[in-house]
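Residue numbers (the numbering used here): 11 to 264. All residues carry an ideal CB built from backbone N, CA and C; glycine is no exception. Owing to the predicted nature of the structure, the values given are computational and were not obtained by experimental measurement.
Here you go:
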């Protein structure tokens, strides 16, 4: 087995993930500052990564063994093969083509914030849903969740994750524009780049119901000012700022 090591974070490399799977990747893993894509043999790939041959072992079993449950607020994020009879709200997520297994700081920030801000019965939009983990978490908290993603290839996995967790979540292909007709929403959660949050600032207001809130993450701490300035121009009020490692979450109200 070979691993293709790419420099960067999960959020930064997310656009490459479908292409890596299309080219034969068997699995993905995020390490500190890198994303590892596992292949049966090296290929000529144009993404600037480095190939490394792994020792002759059952790499899939080893990867599964090393993938531990993760706590985020009241949630515990589990893979389907993890037994769990403990406390907490379980989120069973299949690691695969879409990032969002709870092992990244931004996902944990968003899960914890959902637990603080979401009230049962509220309408929730998960923008850039990926694995569906945030929409599923919202549903488990009693929200009425819609997940959208511009990458249609991740939606079957998100739907399967929702079924695996026994919740009803609607998933649609598209961006914020496609979600607007299904609003307005009481809570919008988005794990996106800082620059994209800045571009969407004026549109976020259109998506929210009176008294609605925003949970914005995927933001490097060094770029948080870009988002804060854009949101201030649109008249949003900063409710809280949370940080884990080099990442921040900004919660806003209108």
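From residue i to residue j, what does the alpha carbon distance come to, in whole angstroms?
i: residue 125; j: residue 116; result: 15 Å
i: residue 5; j: residue 35; result: Nothing about residue 5 can be reported from this structure: the residues present for the chain run from 11 to 264 only.
i: residue 251; j: residue 259; result: 6 Å
i: residue 97; j: residue 220; result: 35 Å
i: residue 83; j: residue 181; result: 24 Å
i: residue 194; j: residue 177; result: 21 Å
i: residue 179; j: residue 192; result: 13 Å
i: residue 43; j: residue 143; result: 22 Å
i: residue 223; j: residue 196; result: 6 Å
i: residue 190; j: residue 61; result: 43 Å
i: residue 244; j: residue 263; result: 11 Å
Give the secondary structure of residue i by DSSP, where H, G and I count as helix, E and B as strand, and everything else as coil.
i: residue 187; result: helix
i: residue 60; result: strand
i: residue 108; result: Confidence at residue 108 is low in this model, with a pLDDT of 47, below 50, so its placement is unreliable and no value can be given for it.
i: residue 202; result: coil
Spatial neighbours of residue i within its chain, please: CB distance less than 7 Å, with the 5 preceding and 5 following residues excluded, ordered by chain position.
i: residue 64; result: 11, 12 and 13
i: residue 237; result: 204, 207, 208, 226, 229 and 260
i: residue 107; result: Reliability fails at residue 107, whose pLDDT of 47 lies under 50, so the model's placement of it is uncertain and no value is given.
i: residue 119; result: 227, 252, 254, 257 and 259
Less than 8 Å between C-beta atoms, sequence neighbours within five positions excluded: which residues of the same chain meet that for residue i?
i: residue 233; result: 204 and 205
i: residue 172; result: 142, 145, 146, 149, 178, 179 and 181
Would residue i be called buried (16 or more neighbouring beta carbons within 10 Å of its own) or exposed?
i: residue 150; result: buried
i: residue 266; result: Outside the displayed span of the chain (11 to 264) sits residue 266, for which this structure offers no information.
i: residue 188; result: exposed
i: residue 247; result: exposed
i: residue 167; result: buried
i: residue 152; result: exposed
i: residue 58; result: exposed
i: residue 41; result: exposed
Which same chain residues, not among the five before or five after residue i, have their C-beta less than 6 Å away from its C-beta?
i: residue 39; result: 46
Worksheet item: Any contact of the stretch 84-93 with the stretch 207-220, i.e. 3+ C-beta pairs under 8 Å?
Response: no
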